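Numbering (my numbering), first residue to last: 254 to 679.
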């Protein structure tokens, strides 16, 4: 049997959707190995407690297996992943959970940390927490029925002791657990973005951290990294993946010596183009005379994955701000998909096909001053005659908060508004 490791997901057998699919898969042995690792991990952490019977008045939450590939910065398969996931949609509010909101780092925060690391000459290390959620304990009393494929426990009911994937509160509980571990070691949590942490020693920031579920990005000197790594491993198993080259779908090429860091999403774009069968190219994301605002006579789109395409493109904005304006306009009218909207989305994807290797480059010496550029249209919406302006100021205020947290010396730098429109002239 040939292993799919090192191949593109689109070139091999599709990921199984159910346990029965695994039994019919030519990669059955590999998937079963991944499933065993998952169960062994739960046994080690004590995720479940056996119960003789379900307490009166309580219902067991269902569960299922979820399978996926783990890929690298080139979009090639690295490993098989299998997770026992709770059917959280059946949880009862006030009984099975109380609060479910959890934080994720914003794209702006991630890029700000990378830009600062480049300017300060800090290496970016990438760590991974194995089965992250289940290292946090649950406060609620929850019962779950095991899915098929769990050996002798298949179909049995257990009490869930830890934050299992799929439960509404799991992300929240893991976020608190991770934050507590970092704060215990001397890190401070950012109030603007709670997924950003810093450590200050003698008035100097010696460590920066971004946490995105089980991925940890660390910008610090070698000594600080080693001490932090040892400290975290006392709380939960952390794996050092080395220098960060791939983070949440984004390729990171960092040259610390020369002070240059480039972010790109070539693999992500190529995967998207295959998914939507886009082979055309375009020199711009929109035609020069394009008007993609809502029209009163728009015809509904039929069998076009408009919302799915927008979802793919939204994450691509991380490294491609050049598609932000047309995409933001399309997002506003995505609730009523039309053929014209679909054509505009294909145009954006065609542009990305032509420029798939483009990205963002940070160069040491550029400084840490925040610059904001604004523009606006006038009554360009034919339906309600509203104008369009950028969200640059809103995002700039957010970035300003993050930047002042991770680089305190930027606090208090002067800003001003233009007194007249004449100052806008070249």
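Virtual Cβ for every residue (Gly too), placed ideally from N, Cα, C. Note that this is a predicted model, so its numbers are computed, not measured.
- Task: Compute the Euclidean distance between the alpha carbons of residue 497 and residue 483, then round it to the nearest angstrom.
- Result: By 1-based counting over the chain shown, the position of residue 497 is 244. By 1-based counting over the chain shown, the position of residue 483 is 230. Between residue 497 and residue 483, the C-alpha separation is close to 19 Å.
- Task: Compute the Euclidean distance between the alpha carbons of residue 400 and residue 330, then round it to the nearest angstrom.
- Result: Working through the chain shown from its first residue, we reach residue 400 at position 147. Working through the chain shown from its first residue, we reach residue 330 at position 77. Rounded to whole angstroms, residue 400 to residue 330 spans 26 Å at the Cα level.
- Indicate the three-state DSSP secondary structure (helix, strand or coil) for residue 662 in the structure shown. Working through the chain shown from its first residue, we reach residue 662 at position 409. Three-state result, residue 662: helix.
- Using the beta-carbon count (16 or more within 10 Å), is residue 650 buried or exposed? Mapped onto the chain shown, residue 650 falls at position 397. Classification of residue 650: exposed, given that the 10 Å Cβ count is below 16.
- If you check the beta carbons only, do residue 424 and residue 355 fall under 8 Å apart? For the purposes of this step, residue 424 is taken as the residue at position 171 of the chain shown. For the purposes of this step, residue 355 is taken as the residue at position 102 of the chain shown. Cβ distance < 8 Å, so residue 424 and residue 355 count as in contact.
- Contact check, residue 217 vs residue 559, beta carbons under 8 Å: Outside the shown range of the chain, which is 254 to 679, sits residue 217, and nothing can be said about it.
- Name the DSSP bridge partner or partners of residue 314? Position 61 of the chain shown, counted from the start, is the residue given in the question as residue 314. Answer is 397, bridged to residue 314.
- In the DSSP assignment, what are the bridge partners of residue 498? For the purposes of this step, residue 498 is taken as the residue at position 245 of the chain shown. Note: residue 498 sits in no beta bridge, so no partner.
- Is residue 402 helix, strand or coil by DSSP? In the chain shown, counting from the first residue as 1, residue 402 sits at position 149. Coil at residue 402, not helix or strand.
- Simplified DSSP assignment, three categories, for residue 671: For the purposes of this step, residue 671 is identified with residue 418 of the chain shown, where counting begins at 1. Reliability fails at residue 671, whose pLDDT of 47 lies under 50, so the model's placement of it is uncertain and the value that follows must be treated cautiously. Three-state DSSP puts residue 671 in coil, outside helix and strand.
- Those residues which DSSP pairs with residue 514 across a bridge: For this step, residue 514 is matched to residue 261 along the chain shown. According to DSSP, residue 514 bridges with 507 and 615.
- Query: What residues are listed by DSSP as bridge partners for residue 457?
  - Reply: Within the chain shown, the letter at position 204 stands for residue 457. 454, per the DSSP bridge assignment.
- Query: Can you name, in chain order, every residue of its own chain whose Cβ lies under 7 Å from the Cβ of residue 392, other than the five neighbours on each side?
  - Reply: For the purposes of this step, residue 392 is identified with residue 139 of the chain shown, where counting begins at 1. Cβ neighbours of residue 392 beyond the five flanking positions: none.
- Item | CB-CB length for residue 419 against residue 338, believed under 8 Å | The count along the chain shown starts at 1 and reaches residue 419 at position 166. The count along the chain shown starts at 1 and reaches residue 338 at position 85. That pair is a contact at about 4 Å.
- Task: Would you tell me roughly how many angstroms separate the C-alpha atoms of residue 266 and residue 278, rounded to the nearest one?
- Result: Numbered from 1 along the chain shown, position 13 holds the residue referred to as residue 266. Numbered from 1 along the chain shown, position 25 holds the residue referred to as residue 278. Approximately 8 Å, taken between the alpha carbons.
- Message: If distances are taken between C-alpha atoms only, which option among 273, 276 and 406 comes closest to residue 303?
- Response: As a first step, residue 303 must be located in the chain shown, where it is residue number 50. Ranking the options by Cα distance to residue 303, first place goes to 406.
- Enumerate in chain order the residues of its own chain whose CB-to-CB distance from residue 676 is below 8 Å, with the five nearest sequence positions on each side excluded. Taking the first residue of the chain shown as position 1, residue 676 is located at position 423. Unreliable placement is indicated for residue 676, whose pLDDT of 45 sits below 50; the coordinate value is still reported in the next sentence. No residues qualify anywhere along the chain.
- Taking residue 386 as the reference, which of 528, 336, 283 and 412 has the closest Cα? For the purposes of this step, residue 386 is taken as the residue at position 133 of the chain shown. Closest by alpha carbon: 336.
- Got a sec? Which residues, its chain only, sit under 8 Å from residue 284 by beta carbon, not counting five neighbours each side? Translated into the one-based positions of the chain shown, residue 284 becomes position 31. These residues qualify, in order along the chain: 269, 275, 278, 320, 333 and 335.
- Query: What are the residues that DSSP puts in a beta bridge with residue 221?
  - Reply: Shown here, the chain extends from 254 to 679; a query on residue 221 therefore has no answer.
- Query: Could you give the C-beta distance for residue 378 and residue 501, rounded to a whole number, given that I count them as a contact under 8 Å?
  - Reply: Translated into positions along the chain shown, residue 378 becomes position 125. Translated into positions along the chain shown, residue 501 becomes position 248. Actually they do not touch by this definition, with Cβ atoms about 15 Å apart.
- Query: For residue 679, which of helix, strand or coil comes out of DSSP?
  - Reply: As a working note, residue 679 is residue 426 in the chain shown. Per-residue confidence for residue 679 stands at a pLDDT of 44, beneath the threshold of 50, marking its modelled position as unreliable; the derived number appears in the next sentence. Coil, per DSSP.
- What is the residue span of the alpha helix (DSSP H) that residue 437 lies within? If you number the chain shown from 1, residue 437 lands on position 184. Start and end: 423-437.
- Query: Is the stretch 592-602 touching the stretch 562-580, taking contact as three or more C-beta pairs under 8 Å?
  - Reply: yes
- Which value, in whole angstroms, describes the spacing of the CA atoms of residue 522 and residue 359? Your numbering for residue 522 matches position 269 in the chain shown. Your numbering for residue 359 matches position 106 in the chain shown. If I take the Cα positions, the gap works out to 20 Å.
- Query: Which residue from 648, 403 and 388 puts its Cα closest to that of residue 417?
  - Reply: Reading the chain shown from its first residue, position 164 is the one you call residue 417. Residue 417 has its Cα closest to that of 388, out of 648, 403 and 388.
- Item | When 466, 384, 366 and 574 are compared against residue 654, the one with the closest alpha-carbon | Within the chain shown, numbered from 1, the residue matching residue 654 stands at position 401. Here the closest residue by C-alpha is 366.
- Query: So residue 343 packs on residue 310, CB below 8 Å; how close in whole Å?
  - Reply: Here the question's residue 343 lines up with position 90 in the chain shown. Here the question's residue 310 lines up with position 57 in the chain shown. The Cβ separation is near 16 Å, so there is no contact.
- Query: Opposite residue 597 in the DSSP bridges: which residues?
  - Reply: To locate residue 597, count along the chain shown from 1; it is residue 344. The partner list for residue 597 (beta bridge, DSSP) is empty, contrary to what the question assumes.
- Query: Does the beta-carbon distance from residue 390 to residue 341 come in below 8 Å?
  - Reply: Within the chain shown, numbered from 1, the residue matching residue 390 stands at position 137. Within the chain shown, numbered from 1, the residue matching residue 341 stands at position 88. No, the pair does not count as a contact, with Cβ atoms beyond the cut-off.
- C-alpha gap between residue 616 and residue 516, whole angstroms: Sequence index remark: in the chain shown, residue 616 carries index 363 (1-based). Sequence index remark: in the chain shown, residue 516 carries index 263 (1-based). So the two alpha carbons sit approximately 12 Å from each other.
- Query: residue 318 and residue 404: beta carbons closer than 8 Å?
  - Reply: Counted from its first residue, the chain shown places residue 318 at position 65. Counted from its first residue, the chain shown places residue 404 at position 151. Not closer than 8 Å, so no.
- Item | Neighbourhood of residue 527 by C-beta distance below 6 Å, restricted to the same chain and skipping five residues each side | Locating residue 527 in the chain shown gives position 274, where the first residue counts as 1. Closer than 6 Å at Cβ, skipping near neighbours: 263.
- Query: Alpha carbon to alpha carbon, how far is residue 438 from residue 535?
  - Reply: Numbered from its first residue, the chain shown carries residue 438 at position 185. Numbered from its first residue, the chain shown carries residue 535 at position 282. Spanning the two alpha carbons is a distance of roughly 51 Å.
- Query: Since residue 379 sits in a beta bridge, which residues does DSSP pair it with?
  - Reply: In the chain shown, the residue the question calls residue 379 occupies position 126. Paired residues: 470.
- Message: Which of the three DSSP states is assigned to residue 580 in this structure?
- Response: The sequence position of residue 580 within the chain shown is 327, counting from 1. Reduced to three states, the DSSP call for residue 580 is helix.
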